[in-house]
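K.L.:
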Amino acid sequence: MLVNRRILLIITGGISAFKSLDLIRRLRGKGALITPVMTAAAAEFVTPLSVSALAGQKVYQDLFNLTDEAEMGHIELSRSADLIVVAPASADVMAKMVAGHANDLASTLLLATDTPVLVAPAMNVRMWHHPATQRNIVRLSEDNIHFVGPNQGDMACGESGLGRMAEPMEIVKTIDQLFMDMDGKKPLSGKRALVTSGRTHEPIDPVRYIANRSSGAQGSAIANALLSAGAEVEFVTGPADVAPPVGVQVTRVQTAKEMLKAVEAALPCDVAIFAAAVADWRVVVENDSKMKKENGKLPILEFAENPDILSTVAHRDVGRPALVIGFAAETDNIVKNACAKLDKKGCDWIVANDVSPETGVMGGNENAVHLITAQGVDTWDRMGKTKVAERLVQKISDVMVEE
Ligand code: CTP
């Protein structure tokens, strides 16, 4: 998405200017073309030589450099970019932007352009919370300036709070997102997603079946969030209380075996999410006609284990989706059991939730989940199933954009 995008990177004064070097490296790694501009204060924190070496471009610093004016005037410099990024953006440069100052190269470029601008503020926590800065942020947002960060944390000055510059990776993601928005693209445009949802019904006879409890609400919410993120969605669903979202490609099934067949037919895909509550067992012989009561004699049913759909797909040598996500519905030792499931089933992520009856998760509108990945366990607050779906899809988009 960043290949051959022309980014004018304005580095202003602040200790986090050192992170701009990493930002340049990452942006160039994704194929962006960086033209760096530094204020006099920025040059006190990082050397123009380092910036220029990493950017593979000369650094523009001086408004009145005649050579530069002959090569490329400041108007041309700001207009030839697809995006202007100010990182770090000091309180001072933001104040200048609000007031429309043009007394150095950076402020002049920012005034002389109609190119979209992204600002990554970095400053001391008190400077950030000062009414003047807060006022400036509102004004800049009204002027359609985009923001990333600042983040919370410890600062070089020894204080702690809001004001740390966003991490280079976050800035890169935001830039990616801005270009997608400019192109009218969404984060998962061009990606194919597969979702299993609902429950399976394993017939005993024409009127009876074995099933799990599941409304299909979480699976539908995930499919919806994937659609909103621009993905093409294959939705394989067993019986559910919630209708499939409009816009997905639906395949309706009843049993686990049918679900596996439908899932395999829907491959290949980029991401597969297994939200269905699949019955673990089926009866070996399904009775063709209704089983009748026989004077108190109890029927004996022989069970067979159903295929594990998630595990089958996750262990495929050929055509395995790049990202395979399972769910772990647990009532005890949630994280421990879910981690074991992640290993056993061979999926990349597992969304673990407590489905004990007292949680009301089954059939309810809310879910409290832990997202388990190779990076560790991320515990989310209890929230609506729609919010869980949006957050999960945001994470999916983040890794798919990184690819
Ligand atoms: N799953 C599946 N096929 C099965 C059973 C489960 O695809 N036959 C998937 C579910 O969709 C879910 C994950 O595996 O993403 C875990 O399901 P869960 O019911 O929590 O686990 P089980 O494998 O059934 O294990 P157990 O019942 O022992 O907890």
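Add 8 to a position in the sequence shown, counting from 1, and you land on the number used in the working numbering. Glycine residues also receive a C-beta, built at the ideal position from the N, C-alpha and C atoms. Here the structure is a predicted model, which means the values were calculated and not measured.
Taking 6 Å as the cut-off, is the C-beta of G171 nearer than that to any heavy atom in the ligand CTP?
P.N.:
Working through the sequence shown from its first residue, we reach residue 171 at position 163. No; taking the cut-off as 6 Å, the Cβ of G171 has no heavy atom of the ligand CTP nearer than that.
K.L.:
What residue from M408, S58, D90 and R34 has the CA that sits closest to D191's CA?
P.N.:
Taking the sequence shown and counting its residues from 1, one reaches residue 191 at position 183. Closest by alpha carbon: D90.
K.L.:
As an exercise, report each continuous beta strand (DSSP E) stretch of at least 3 residues that is fully enclosed by the segment 129 to 155, in chain order.
P.N.:
List check, beta strand (DSSP E) in window: nothing returned.
K.L.:
Note the first and the last residue of the continuous beta strand (DSSP E) segment covering M46.
P.N.:
On the sequence shown, residue 46 is found 38 positions in, with the first residue counted as 1. Element bounds for M46: L41 to M46.
K.L.:
Find out if the Cβ-Cβ distance for the pair L373, V396 is shorter than 7 Å.
P.N.:
Along the sequence shown, one-based indexing puts residue 373 at 365. Along the sequence shown, one-based indexing puts residue 396 at 388. Reading off the sequence, residue 373 comes out as Asn, not Leu. No; because the gap between Cβ atoms is not below 7 Å, this pair is not in contact.
K.L.:
Which residues in the same chain as I42 place their Cβ atom closer than 7 Å to its Cβ, once the five residues preceding and following it in sequence are excluded?
P.N.:
For this step, residue 42 is matched to residue 34 along the sequence shown. Counting only Cβ-Cβ distances below 7 Å, and skipping sequence neighbours, we find I15, L17, I32, L35, R36, A63 and Q65.
K.L.:
Going by DSSP, what residue range makes up the alpha helix (DSSP H) through L31?
P.N.:
Indexing the sequence shown from 1 puts residue 31 at position 23. Its alpha helix (DSSP H) spans residues A25 to G37.
K.L.:
Which partner residues of G392 appear in the DSSP bridge assignment?
P.N.:
In the sequence shown, counting from the first residue as 1, residue 392 sits at position 384. DSSP, once it has assigned bridges, lists E374 as partnering G392.
K.L.:
From the DSSP output, in three-state form, read off A285 for me.
P.N.:
The count along the sequence shown starts at 1 and reaches residue 285 at position 277. Residue state, collapsed to three classes: strand.
K.L.:
Tell me whether G246 counts as near the ligand CTP, meaning its Cβ is closer than 6 Å to at least one heavy atom of that ligand.
P.N.:
Against the sequence shown, residue 246 aligns to sequence position 238. No; taking the cut-off as 6 Å, the Cβ of G246 has no heavy atom of the ligand CTP nearer than that.
K.L.:
With a threshold of 6 Å, establish whether the CB of A288 neighbours any heavy atom of the ligand CTP.
P.N.:
Position 280 of the sequence shown holds residue 288. The question names Ala, but residue 288 is Asp in the sequence shown. Yes, the ligand CTP has a heavy atom inside 6 Å of this Cβ.
K.L.:
Could you check whether A99 and M135 sit closer than 7 Å to each other, using their CB atoms as the reference points?
P.N.:
Within the sequence shown, residue 135 is the residue found at index 127, counting from 1. Within the sequence shown, residue 99 is the residue found at index 91, counting from 1. For M135 and A99, yes; Cβs fall inside 7 Å.
K.L.:
I need the DSSP call for S297, collapsed to helix, strand or coil.
P.N.:
Your numbering for residue 297 matches position 289 in the sequence shown. Correct three-state label for S297: coil.
K.L.:
Taking D316 as the reference, give the member of I308, M299, K353 and G227 with the closest Cα.
P.N.:
The residue labelled residue 316 in the question sits at position 308 within the sequence shown. Answer by Cα proximity: K353.
K.L.:
Can the beta-carbon of K349 be found less than 7 Å from the beta-carbon of A336?
P.N.:
Along the sequence shown, read from residue 1 onward, the residue named residue 349 stands at position 341. Along the sequence shown, read from residue 1 onward, the residue named residue 336 stands at position 328. Yes, Cβ-Cβ distance for K349 and A336 is below 7 Å.
K.L.:
Can you tell me the Cα-Cα spacing of T204 and T245, whole angstroms?
P.N.:
Taking the sequence shown and counting its residues from 1, the one referred to as residue 204 is at position 196. Taking the sequence shown and counting its residues from 1, the one referred to as residue 245 is at position 237. When rounded, the distance between both Cα atoms is 6 Å.
K.L.:
Give me, in chain order, the residues of the same chain whose beta-carbon lies closer than 6 Å to that of A225; leave out the 5 immediate sequence neighbours on both sides.
P.N.:
Mapped onto the sequence shown, residue 225 falls at position 217. Result list for A225: V250 and K393, in chain order.
K.L.:
When DSSP builds the beta bridges, which residues end up paired with F243?
P.N.:
One-based indexing of the sequence shown puts residue 243 at position 235. Looking at the DSSP assignment, F243 forms a beta bridge with V203 and V258.
K.L.:
Considering only C-alpha positions, which residue in the set K38, S28, G255 and I145 is nearest to P44?
P.N.:
In the sequence shown, residue 44 corresponds to position 36, counting from 1. Nearest C-alpha to P44: S28.
K.L.:
Kindly indicate the opening and closing residues of the beta strand (DSSP E) around P176.
P.N.:
Position 168 of the sequence shown holds residue 176. Note, P176: premise wrong, no beta strand (DSSP E); alpha helix (DSSP H) at P176 to M190.
K.L.:
Hey, out of W388, R172 and V271, whose CA is closest to G157's CA?
P.N.:
Position 149 of the sequence shown, counted from the first residue, corresponds to residue 157. The shortest Cα separation from G157 among W388, R172 and V271 belongs to R172.
K.L.:
If you reduce the DSSP assignment to three classes, tell me which class L331 lands in.
P.N.:
Walking along the sequence shown from the start, residue 331 turns up at place 323. Strand, per DSSP.
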